[in-house]
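Undergrad: Mind looking over this structure? Questions follow.
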Amino acid sequence: EVLKESTRLLDSTEFDTEGDSIVKREDDGDYAQGVINAPEIENFVIYSRLSAGGFGEVFLARQQIPPRDVAIKVLNLQSLALLDSNDVHREVSSIAGLDHPNIIKVFGAGEADSFPYFTMQVADGSLEDRLKNFENKFDEIVDLILMVASALAHAHLEDILHCDLKPANILLIGDWPMLSDFGLSVM
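For the sequence shown, the residue numbers in the working numbering are -2 to 184.
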């Protein structure tokens, strides 16, 4: 019943650019065009804006050295008003230190125009985007829940509590779930 209701709500709501999902959006097989107000960050070429949420914006970019596609999350003024920059760097460092097959990889961090940013793996979508694909697939649902629970347990062993667990914060690389967006975590 919960899955059916969630699917109904997803079908009746627009999610394309809301929230903090770090999702590779495509337009006719190529990256979406028209990045507006993207920061200039040395060593990165920004292709598109993926999403915007309460704590910042996420962009798809190409890192020059080492060459790879990344998602860059740039924190906004609202998040900076709530967080000390030392807290941001400490939290990003702690999350970057998490090594688990179901936790999105954080590659690095820095500042662009006095706004902190961090870079991470790019995902294909979020569980929120694909929730309806799991209807009546109980074995797959159980597997997904076990993998996410394992990721949460690993973070808890490192004294990091994810305080915003929801389908939008479970990203998918192929069908592989990756826990993301520890922005509201407690250490």
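Note that beta-carbon positions come from the ideal geometry of N, C-alpha and C, so glycine has one too.
Please state the DSSP three-state secondary structure of Asn48.
TA: Residue identity check: residue 48 is Ser in the sequence provided, not Asn. Correct three-state label for Ser48: strand.
Undergrad: Starting from Ala152, trace the alpha helix (DSSP H) both ways and give me its first and last residue.
TA: Ala152 -> alpha helix (DSSP H) spans Phe135 to Leu154.
Undergrad: Does the count of Cβ pairs from the stretch 108 to 126 and the stretch 164 to 178 closer than 8 Å reach three?
TA: Judged by Cβ distances under 8 Å, the stretch 108 to 126 makes contact with the stretch 164 to 178, as three or more pairs qualify.
Undergrad: In angstroms, rounded to a whole number, what distance separates the CA positions of Phe56 and Pro174?
TA: Computed Cα separation, rounded: 20 Å.
Undergrad: Which residue marks the beginning of the alpha helix (DSSP H) containing Glu37, and which one marks its end?
TA: Where Glu37 is concerned, there is no enclosing alpha helix (DSSP H), given that its DSSP letter is neither H nor E.
Undergrad: Consult DSSP for Ile92 and reduce its assignment to one of helix, strand or coil.
TA: Note: Ile92 maps to helix in three-state DSSP.
Undergrad: Quick check: His86 and Ala148, are their CB atoms within less than 8 Å of each other?
TA: In this structure, Ala148 does not lie closer than 8 Å to His86 by Cβ.
Undergrad: Ignore the nearest five residues each way along the sequence and tell me which others in Met144's own chain have a CB closer than 6 Å to its CB.
TA: Closer than 6 Å at Cβ, skipping near neighbours: Asn99 and Pro174.
Undergrad: Could you compute how far the alpha carbon of Asp178 sits from the alpha carbon of Ser48?
TA: Near 13 Å, if we compare the C-alpha coordinates of Ser48 and Asp178.
Undergrad: Taking 8 Å as the cut-off, decide whether the C-beta atoms of Ser151 and Leu72 are in contact.
TA: Per the sequence shown, residue 151 should be read as His rather than Ser. For His151 and Leu72, no; Cβs fall outside 8 Å.
Undergrad: Return the first residue and the last residue of the alpha helix (DSSP H) that Glu125 is part of.
TA: It spans Leu124 to Arg127 - the alpha helix (DSSP H) in which Glu125 sits, taken as one unbroken run.
Undergrad: Tell me whether Pro174 sits in a helix, a strand or coil according to DSSP, three-state version.
TA: Pro174 falls in the strand class under three-state DSSP.
Undergrad: Can you tell me which of Leu176, Gly53, Phe115 and Val42 puts its alpha carbon nearest to the alpha carbon of Gln61?
TA: Among Leu176, Gly53, Phe115 and Val42, the Cα nearest to that of Gln61 belongs to Val42.
Undergrad: In whole angstroms, what separates the C-alpha of Arg59 from that of Ala68?
TA: So the two alpha carbons sit approximately 9 Å from each other.
Undergrad: Report, in whole angstroms, the separation of the C-beta atoms of Phe115 and Gly105, which I expect to be a contact under 8 Å.
TA: That pair is a contact at about 7 Å.
Undergrad: Can you tell me whether Val85 is helix, strand or coil according to DSSP?
TA: Reduced to three states, the DSSP call for Val85 is helix.
Undergrad: When DSSP labels each residue in this structure, what does Phe131 get in the three-state scheme?
TA: In the structure shown, Phe131 sits in a helix (DSSP, three-state: H, G or I).
Undergrad: What is the rounded straight-line gap between the Cα of Val103 and the Cα of Asn133?
TA: Each residue's Cα considered, the two are about 33 Å apart.
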